[in-house]
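Visitor: Below is a structure I'd like to ask you about.
And the structure:
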């Protein structure tokens, strides 16, 4: 049985997730506030084994370097956004959106996702492509829930007016890889509250 905990990070309240079993823990999208994330990980008494990134916009990667070096663990990312990690223009930190956010430069990820099934530390999940918000966006499907990054939100979808954004591609991604999951599946987005696949299929205005 997996446990998932949400941590709100940074000035725009990005959702970082801790997902863990009896022994091991995965860190999803550590956007900022590394010291607080470390403190909350310590309370779980689990061993962090990897950092998984749904995509590489600045608000999802700001704490990657500090956590990677603190725990000596690998980072996983889509190959399509590998270079974005070290490029403040591509990861949007260098566009002056927030005066209190410095340019974010993250060293290359050790691992590039394949669109397949994984098992890390006894935690099983599948990686599926959900581009449209950004070209390398992925969603992570666990046994009984999904982490959707900035693809699908409660009552909305990710914005598509940024570099490599594409509305039709995003809607196709959601219909193909998320709306085919069981209706009862909780969906944990990159911002805002959790929802369910059924709720979004029935009420999300972009699909109704």
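Numbering (full-length UniProt numbering), first residue to last: 1 to 208.
Even for Gly, the Cβ is constructed at its ideal location relative to N, Cα and C.
Since the structure is predicted, the reported quantities are computational estimates derived from the model, not experimental observations.
Output yes or no for whether 8 angstroms exceeds the beta carbon distance between residue 20 and residue 3.
Guide: The answer is yes: Cβ separation under 8 angstroms.
Visitor: Which ranges would you report for the alpha helix (DSSP H) in the stretch 64–121 if only whole runs of at least 4 residues count?
Guide: Those alpha helix (DSSP H) runs which fall completely within the stretch 64–121 and span 4+ residues are 64–71.
Visitor: Take residue 191 and list the residues in its own chain whose beta-carbon comes closer than 8 angstroms to its own, dropping the five residues that flank it on each side.
Guide: Result list for residue 191: 12, 13, 14, 15, 150 and 153, in chain order.
Visitor: Considering only the alpha carbon of each residue, which of 26, 10, 9 and 22 lies closest to residue 147?
Guide: Checked all of 26, 10, 9 and 22; the closest Cα to residue 147 is 26.
Visitor: Considering Cα atoms alone, identify which of 62, 163 and 37 is closest to residue 86.
Guide: With distances taken between Cα atoms, residue 86 lies closest to 62.
Visitor: Let me check one thing: in DSSP terms, what residues is residue 149 bridge-paired to?
Guide: DSSP lists 189 as partners of residue 149.
Visitor: Below 8 angstroms between beta carbons: does that hold for residue 69 and residue 136?
Guide: Taking 8 angstroms as the Cβ cut-off, residue 69 and residue 136 do not qualify as a contacting pair.
Visitor: Ends of the alpha helix (DSSP H) at residue 168?
Guide: Element bounds for residue 168: 167–173.
Visitor: If you pair each beta-carbon of the stretch 127–135 with each one of the stretch 38–46, do three or more pairs fall below 8 angstroms?
Guide: Counting Cβ pairs under 8 angstroms, fewer than three are found: no touch.
Visitor: So for residue 39, helix, strand or coil by DSSP?
Guide: Of the three classes helix, strand and coil, the one that applies to residue 39 here is helix, per DSSP.
Visitor: Please return the same chain residues whose Cβ sits closer than 8 angstroms to the Cβ of residue 171, not counting the five positions on each side in sequence.
Guide: Once the five neighbours on either side are set aside, the close Cβ partners of residue 171 are 132, 157, 206 and 207.
Visitor: Which whole-angstrom value is the C-beta distance of residue 64 and residue 106, which I expect to be below 8 angstroms?
Guide: Right, their Cβ atoms sit about 5 angstroms apart.
Visitor: With DSSP collapsed to three states, give me the class of residue 178.
Guide: Of the three classes helix, strand and coil, the one that applies to residue 178 here is helix, per DSSP.
Visitor: Would you check if the distance between the CB atom of residue 59 and the CB atom of residue 10 is smaller than 8 angstroms?
Guide: The answer is yes: Cβ separation under 8 angstroms.
Visitor: Judging by CA-CA distance, which residue of 5, 90 and 120 is the nearest neighbour of residue 73?
Guide: Out of 5, 90 and 120, 120 has the C-alpha closest to the C-alpha of residue 73.
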